[in-house]
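Colleague: I'd like to ask you about the structure that follows.
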Amino acid sequence: MNFESRIDLQDLNDAISAIKSEIGKIIVGQHTTIELLLTAILADGHVLVEGVPGVAKTLTAKLLAKTINTEFSRIQFTPDLMPSDVLGTSIFNPKLANFEFMKGPIFSNIILVDEINRAPAKTQSALFEVMEERQATIDGTTYPMSSPFIVIATQNPVEHEGTYRLPEAQLDRFLFKIVVGYPTAEQEVEVLRGHHLRKNMAEAIADITSILQPQQLAELRAKTHQVHVEDKLLEYLAQIILQTRNNKSLFLGASPRASVALLNSSKALAAIRGRDFVTPEDIQALAPAVLRHRIILMPEREMEGATPDDIVAQLLQKVEVPR
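Yeah, the sequence shown ends on 323 if you go by full-length UniProt numbering, and it's all consecutive.
What follows is the structure, given as structure tokens:
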């Protein structure tokens, strides 16, 4: 492989280290979650974060947004939420004798959608249309979203009363599905110590410093696009996706969008890890986050207790790793 024209990733690595350091002032552990969120931001993809209540899903997203000097908005999804509550609405202005469009909370840069599965289907659809098209059409006028535009959505996996399950076609719009687990015993002690010593959480959040400007983020994204991927790794990646479509344990395999998502995110992860080339380890590390929400298990495999992550692990063992 020819490395004559290496990409200078120093500024990218410095920014990532500084962001991790800022978030680490409040969040204990969750290194994988934070790395995946940063990868998604560099790969310009939306993220679904799943975890039981109280594992700091919302707080982590808020802190990450604060380290990037952009607009941030939070939308709490509820069963009575209407599309206009997300997109905005036209209000009659008596002074001008015409209707004026008042933008909704979706018109921001980093949008935290809390409990996305609590809103009805029409509100979910309005959100997903904006996520995919990166624009909203209201009353015949199209409003483009400013860059960066990232949706970080959370959902609770255990409480299904009053929820509306996201259809597979909409789940496919998310680059990653991140599963946040419980902290270890040592991390739990650190959490308690932090709460005991910290006088005011609001002040602690206010002390988080912005690391990146939107223009800097655009430049770092441009660098990740230049990360080298060998042809044999493209074939390896394609084989992993192909295996999901020919697997007897799966009712639904991954789409070509999954292939592109795995490629783009692997380049971003390689850059975060200080390399200007993708390795099989990058692809393997991201395969569960890219695929777990895009595949559907056969009912009998689900009844046996298998999970999408189990199937992805089996696929990775099956496909020959290029050397």
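The beta carbon of each residue, even a glycine, is placed where N, CA and C say it ideally should be.
If you draw a straight line from the C-alpha of Asn98 to the C-alpha of Ile91, how long is it?
Modeller: Here residue 98 refers to the residue found at position 98 when the sequence shown is read from its first residue. Here residue 91 refers to the residue found at position 91 when the sequence shown is read from its first residue. Cα to Cα, the separation comes out at about 8 Å.
Colleague: Would Val86 be called buried (16 or more neighbouring beta carbons within 10 Å of its own) or exposed?
Modeller: Counting from one through the sequence shown, the residue named residue 86 turns up at place 86. Buried is the call here.
Colleague: When the cut-off is 8 Å and only beta carbons count, does Val130 lie next to chain C?
Modeller: No chain C appears in this structure, which consists of one protein chain only.
Colleague: Which residues does DSSP list as the beta-bridge partners of Asp114?
Modeller: For this step, residue 114 is matched to residue 114 along the sequence shown. Note: Asp114 sits in a beta bridge opposite Gln76.
Colleague: Please give the ranges of any alpha helix (DSSP H) in the UniProt domain "AAA+ ATPase" (43-184), keeping only runs that are unbroken, at least 4 residues long and fully inside the region.
Modeller: If we require 4 residues or more, the alpha helix (DSSP H) runs fully inside the UniProt domain "AAA+ ATPase" (43-184) come out as 57-67, 83-87, 121-133 and 168-171.
Colleague: What three-state label does DSSP hand Leu9 in the structure shown?
Modeller: If you number the sequence shown from 1, residue 9 lands on position 9. Leu9: coil per DSSP, three-state reduction.
Colleague: Can you tell me whether DSSP reads Ile296 as helix, strand or coil?
Modeller: Translated into positions along the sequence shown, residue 296 becomes position 296. DSSP places Ile296 in strand when its eight states are reduced to three.
Colleague: Leaving out five residues on either side along the sequence, give the residues of the same chain with a beta carbon under 8 Å from the beta carbon of Ile150.
Modeller: As a position in the sequence shown, residue 150 is number 150, starting the count at 1. Ala40, Ile41, Asp44, Gly45, His46, Val47, Asn109, Ile110 and Ile111, listed in sequence order.
Colleague: Within a Cβ cutoff of 6 Å, which residues of the same chain sit near Ile211, ignoring the five residues on either side of it in sequence?
Modeller: Here residue 211 is taken as the residue at index 211 of the sequence shown, counted from 1. For Ile211, where only same-chain residues beyond five positions count, the Cβ hits under 6 Å are Ala15, Ala18, Ile19 and Thr67.
Colleague: Would you kindly report the start and end of the unbroken beta strand (DSSP E) that includes Leu250?
Modeller: Translated into the one-based positions of the sequence shown, residue 250 becomes position 250. It spans Leu250 to Leu252 - the beta strand (DSSP E) in which Leu250 sits, taken as one unbroken run.
Colleague: Tell me the residue span of the alpha helix (DSSP H) that contains Val319.
Modeller: The residue you call residue 319 lines up with position 319 of the sequence shown. Note, Val319: premise wrong, no alpha helix (DSSP H); not H, not E.
Colleague: Anyone know if the C-beta pair for Pro308 and Leu286 falls short of 8 Å?
Modeller: Within the sequence shown, the letter at position 308 stands for residue 308. Within the sequence shown, the letter at position 286 stands for residue 286. Cβ distance not < 8 Å, so Pro308 and Leu286 don't count as in contact.
Colleague: In or out: Gly51 buried (at least 16 other Cβ within 10 Å) or exposed?
Modeller: Here residue 51 refers to the residue found at position 51 of the sequence shown. Buried, because 16 or more other Cβ atoms sit within 10 Å of the Cβ of Gly51.
Colleague: What separation, rounded to the nearest whole angstrom, lies between the Cα atoms of Pro288 and Thr141?
Modeller: Taking the first residue of the sequence shown as 1, we reach residue 288 at position 288. Taking the first residue of the sequence shown as 1, we reach residue 141 at position 141. Distance between the alpha carbons of Pro288 and Thr141 is about 39 Å.
Colleague: Which partner residues of Leu212 appear in the DSSP bridge assignment?
Modeller: One-based indexing of the sequence shown puts residue 212 at position 212. Note: Leu212 sits in a beta bridge opposite Ile68.
Colleague: Going along the chain, which residues of its own chain have a beta-carbon closer than 6 Å to the beta-carbon of Ala136, five neighbours each way excluded?
Modeller: Here residue 136 is taken as the residue at index 136 of the sequence shown, counted from 1. Excluding sequence neighbours, Ala136 sits near Leu87, Val130 and Tyr143.
Colleague: Taking Asp276 as part of the alpha helix (DSSP H), name the residues at either end of that continuous run.
Modeller: Translated into the one-based positions of the sequence shown, residue 276 becomes position 276. Per DSSP, Asp276 belongs to no alpha helix (DSSP H) and is neither H nor E.
Colleague: Kindly list the residues whose CB is nearer than 7 Å to the CB of Leu9, restricted to its own chain and excluding five residues on each side of it in sequence; keep chain order.
Modeller: Taking the first residue of the sequence shown as 1, we reach residue 9 at position 9. Once the five neighbours on either side are set aside, the close Cβ partners of Leu9 are Lys223, Ala271, Gly274 and Asp276.
Colleague: Could you check where the alpha helix (DSSP H) with Glu235 kicks off and where it finishes?
Modeller: Position 235 of the sequence shown, counting from 1, holds the residue named residue 235. Segment Asp231 to Arg245, the alpha helix (DSSP H) holding Glu235.
Colleague: Given that a residue counts as buried once 16 or more other Cβ atoms are within 10 Å of its Cβ, and exposed if not, what is His293?
Modeller: For this step, residue 293 is matched to residue 293 along the sequence shown. Buried, because 16 or more other Cβ atoms sit within 10 Å of the Cβ of His293.
Colleague: DSSP state of Lys223, grouped into three classes?
Modeller: Taking the sequence shown and counting its residues from 1, one reaches residue 223 at position 223. In the structure shown, Lys223 sits in a helix (DSSP, three-state: H, G or I).
Colleague: Nearest to Thr279 by alpha carbon, out of Val321, Glu302, Met201 and Asn117?
Modeller: Your numbering for residue 279 matches position 279 in the sequence shown. Looking at the Cα atoms, Val321 is the closest of the given residues.
Colleague: Quick one: Cα of Gln317 to Cα of Arg323, how far?
Modeller: Locating residue 317 in the sequence shown gives position 317, counting from the first residue. Locating residue 323 in the sequence shown gives position 323, counting from the first residue. If you take the alpha carbons of Gln317 and Arg323, they lie about 15 Å apart.
Colleague: What do you get for Gln215, buried or exposed, if any count of 16 or more other CB atoms within 10 angstroms of its CB means buried?
Modeller: Residue mapping note: residue 215 aligns to position 215 of the sequence shown, counting from 1. Per the 10 Å Cβ criterion, exposed.
Colleague: Take Met298 as the anchor and find which of Asn246, Leu12 and Thr33 has the nearest alpha-carbon.
Modeller: The count along the sequence shown starts at 1 and reaches residue 298 at position 298. It is Asn246 whose Cα lies nearest to the Cα of Met298.
Colleague: First and last residue of the alpha helix (DSSP H) that includes Ile205?
Modeller: What you label residue 205 is simply residue 205 of the sequence shown in a count that begins at 1. Taken as a continuous stretch (DSSP letters only), the alpha helix (DSSP H) holding Ile205 covers Met201 to Ala206.
Colleague: Are the CB atoms of Thr154 and Thr70 within a distance shorter than 8 Å?
Modeller: Start at 1 with the first residue of the sequence shown, and residue 70 comes out as number 70. Start at 1 with the first residue of the sequence shown, and residue 154 comes out as number 154. Against a cut-off of 8 Å, the Cβ pair of Thr154 and Thr70 comes out as no contact.
Colleague: Pull up the distance between the alpha-carbon of Ile34 and that of Ile208, whole angstroms please.
Modeller: Mapped onto the sequence shown, residue 34 falls at position 34. Mapped onto the sequence shown, residue 208 falls at position 208. Approximately 15 Å between the Cα atoms of the pair.
Colleague: Short check: CB of Val227 to CB of Ile26, under 8 Å?
Modeller: Translated into the one-based positions of the sequence shown, residue 227 becomes position 227. Translated into the one-based positions of the sequence shown, residue 26 becomes position 26. It is not a contact, given that the beta carbons lie outside the stated cut-off.
Colleague: For Arg173, is the classification buried or exposed, using 16 other Cβ atoms within 10 angstroms of its Cβ as the cut-off for buried?
Modeller: On the sequence shown, residue 173 is found 173 positions in, with the first residue counted as 1. Arg173 is buried by the Cβ-count criterion.
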